[in-house]
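What follows is a single structure, written as structure tokens, with notes after it.
Protein chains in written order, with my numbering: chain S, 42 to 156; chain V, 1354 to 1466.
What follows is the structure, encoded as structure tokens:
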């Protein structure tokens, strides 16, 4: 089955710096890659996603890149702010029955942004 | 527009007991997925319901079962609770369609004593 690995497990940056989190997946059939942000005690919130027919997607300070050949995808946060501090999860899924199937998550990256 | 709602927020049970967790999907969503999140880990897929049937299932024992009702709400049942079942149980809902993301509820924190 699909396996998603995520690195690093912890990341500390200075406010204003950029942060990069990387994930690799094993199943070449995976075609949807969302990123979730989870603050302590709160629900995972979708921050950006990308599909296998797209190589890059950007939303303000957040961007995601996908390399299908290498089976890896990355989250880039620019101009980090203290409120970006949270645990970030990458995930992968395969289309199933005309919808997105189950999400396979990485183990998470705890991002700390120091003022 | 209410998002995904789950109840209860917290629950304490003892080993061997049974528990039922509930989820109401976001308005307009017809698919419900359940995940287990152990402390410090990523969510793990339990199963997904669509049209009142289990459509996909993860690597969880038969002690974990579910149900989806005609109004798309869903229940997760766990029998013969083990200490290792202590976790945050998350419900996610989505709309049919390959471009529809899953939205999560706040979860139910289940503690087994």
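Each residue gets a CB set at the ideal place from its N, CA and C atoms; glycine is no exception. Just so it is clear, the structure is predicted and the values come from calculations on it, not from any experiment.
- One alpha carbon belongs to residue 1391 of chain V, the other to residue 1439 of chain V, and they sit about 7 Å apart.
- Neighbours of residue 1459 of chain V across chain S, judged by C-beta separation under 8 Å: 83 and 84.
- Classified as exposed, residue 1368 of chain V has fewer than 16 neighbouring CB atoms from the shown chains inside 10 Å of its CB.
- Residue 1419 of chain V: member of the beta strand (DSSP E) spanning 1417 to 1421, first to last residue.
- For residue 60 of chain S, the enclosing beta strand (DSSP E) starts and ends at 60 to 66.
- In this model, residue 120 of chain S and residue 1433 of chain V are separated by some 49 Å (Cα to Cα).
- Excluding sequence positions up to five before and after residue 1411 of chain V, its CB lies within less than 7 Å of the CB of 1397, 1398, 1399 and 1400, all in the same chain and listed in chain order.
- Among the bridge pairs identified by DSSP, residue 1398 of chain V is matched with V:1388.
- When Cβ-Cβ separations below 7 Å define contact, residue 74 of chain S makes no contact with chain V.
- Around the beta-carbon of residue 1422 of chain V, fewer than 16 other beta-carbon atoms lie within 10 Å, marking it exposed.
- Within a 10 Å sphere around the beta-carbon of residue 1384 of chain V sit 16 or more other beta-carbons, which makes this residue buried.
- For residue 1398 of chain V, the chain S residues whose Cβ falls inside 8 Å of its Cβ are 143, 144 and 145, in order along the chain.
- Taking C-beta separations shorter than 6 Å and ignoring five residues to either side along the sequence, the partners of residue 91 of chain S in its chain run 74, 98, 105 and 107, following chain order.
- Taking the CA atoms as reference points, residue 128 of chain S sits about 6 Å from residue 78 of chain S.
- Between residue 1445 of chain V and residue 1386 of chain V the beta-carbon gap is near 5 Å, inside 8 Å, which marks them as a contact.
- A direct Cα-Cα distance of roughly 30 Å separates residue 151 of chain S from residue 1382 of chain V.
- Residue 100 of chain S counts as exposed, since fewer than 16 other beta carbons sit within 10 angstroms of its beta carbon.
- Per DSSP, residue 88 of chain S is one residue of the beta strand (DSSP E) stretching across 86 to 92.
- DSSP places residue 1463 of chain V in the uninterrupted beta strand (DSSP E) bounded by 1461 to 1465.
- Taking 7 Å as the cut-off, the beta carbon of residue 1425 of chain V is found no closer than this to the beta carbon of residue 1361 of chain V.
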